[in-house]
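So the mapping is simple: our numbering equals the position in the sequence shown, first residue as 1, plus 7. Note that beta-carbon positions come from the ideal geometry of N, C-alpha and C, so glycine has one too. Computed from a predicted model, the values in this text were never measured in an experiment. The structure appears below as structure tokens.
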Amino acid sequence: MSTPYSIIIADDHSMFLDGLTSILANETSIKIILTAKTGTQVIKYLRINSEEKIDLVITDINMPEMDGVELNAAIKEEFPKVKTLVVSMLEDAKKIKVLTEANANGYISKNAEKTELLKAIKSILHGENYFSPRIKQVLMEAMFSDKLEPEISLSKRETEVLKLIALEFTTQEIADQLFLSKHTIESYRKNLISKLGVRNLAGLTRYAVEKGMLD
């Protein structure tokens, strides 16, 4: 008899953990080694049990302490032989792109049917990647949208002002830090709002976050 595949499941929702555990209970080729509610618990287990062969980690994205994106990156850096499958309600193209670029082996929605979930798990365990048709569609739509959206070029000073606004510095604090007048900073702020097509400071902050300016 062949040795069953060893998997870990990470999700902070007990109902999902229980449901997935129940689905996999009938799969004789799969053995659940650990169920965890944070990515931190998973990494801790892998480090402590480094000699143990873990084939797959199934993870949600939104979790406390360490989310699924961070968990996938940590696994791929420290334990590159361990496969990863993201199962999430989120259909955020940016996070999906980050995950694919960080070599995640699969991504499906929590709304997926049991048959697709098992197909994804078994495909990955057998050496193939699996991204559901819906997730592929989200990525394709995002790529098409990015091509249509003209790239906005900001000057070095505009970028500095935008970062400080996003970090919640006041107009006077930004002026002091950049050795400019308060009036000049207000002009930069108004120009940025117009240039980026947003309505207010919250829009500027959102733009800075989406563009990774605060990373």
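Straight-line Cα distance separating residue j from residue i
i	j	result
Leu185	Leu199	17 Å
Leu174	Arg213	11 Å
Thr35	Gly219	44 Å
Ala209	Thr10	54 Å
Ile181	Lys101	30 Å
Met73	Glu58	23 Å
Asp99	Ala127	19 Å
Leu53	Glu120	29 Å
Ser139	Lys90	16 Å
Val94	Lys197	41 Å
Leu146	Ile50	28 Å
Leu187	Met70	42 Å
Val216	Asp183	23 Å
Asp123	Leu27	The sequence as given places Glu at residue 123; Asp does not occur at that position. Taking the straight line joining both Cα atoms gives about 13 Å.
Arg206	Thr107	32 Å
Tyr114	Ile142	7 Å
Leu24	Lys170	40 Å
For residue j and residue i, believed in contact at Cβ under 8 Å, the rounded distance
i	j	result
Leu92	Ile131	6 Å
Thr45	Asp19	7 Å
Ile7	Thr42	This structure gives no information on residue 7, because the portion of the chain shown stretches from 8 to 222.
Thr178	Glu193	6 Å
Tyr137	Val168	Contact flag wrong, Cβ pair sits at about 44 Å.
Val64	Ile37	At roughly 13 Å, the Cβ-Cβ gap does not stay under 8 Å, so Val64 and Ile37 are not in contact.
Lys104	Ile159	Contact doesn't hold; Cβ gap of about 19 Å is too wide.
Ser13	Ile55	With 8 Å as the limit, Ser13 and Ile55 do not qualify as a contact, their Cβ atoms being about 15 Å apart.
Ala80	Ala109	5 Å
Leu211	Ile172	5 Å
Assigned secondary structure, residue i (DSSP; H/G/I helix, E/B strand, else coil)
i	result
Ile131	helix
Val76	helix
Val205	coil
Ile40	strand
Ile159	coil
Leu199	helix
Val89	coil
Gly113	strand
Leu211	helix
Ile14	strand
Ile65	strand
Ser139	coil
Leu24	helix
Ser57	coil
Ser95	strand
Burial state of residue i, where buried means 16 or more other Cβ atoms lie within 10 Å
i	result
Leu221	exposed
Ala32	exposed
Ile66	For the record, residue 66 in the displayed sequence is Thr; it is not Ile. Looking at its Cβ environment, which holds 16 or more other Cβ atoms inside 10 Å, Thr66 is buried.
Asn112	buried
Ser29	exposed
Gly75	buried
Asn118	exposed
Met22	exposed
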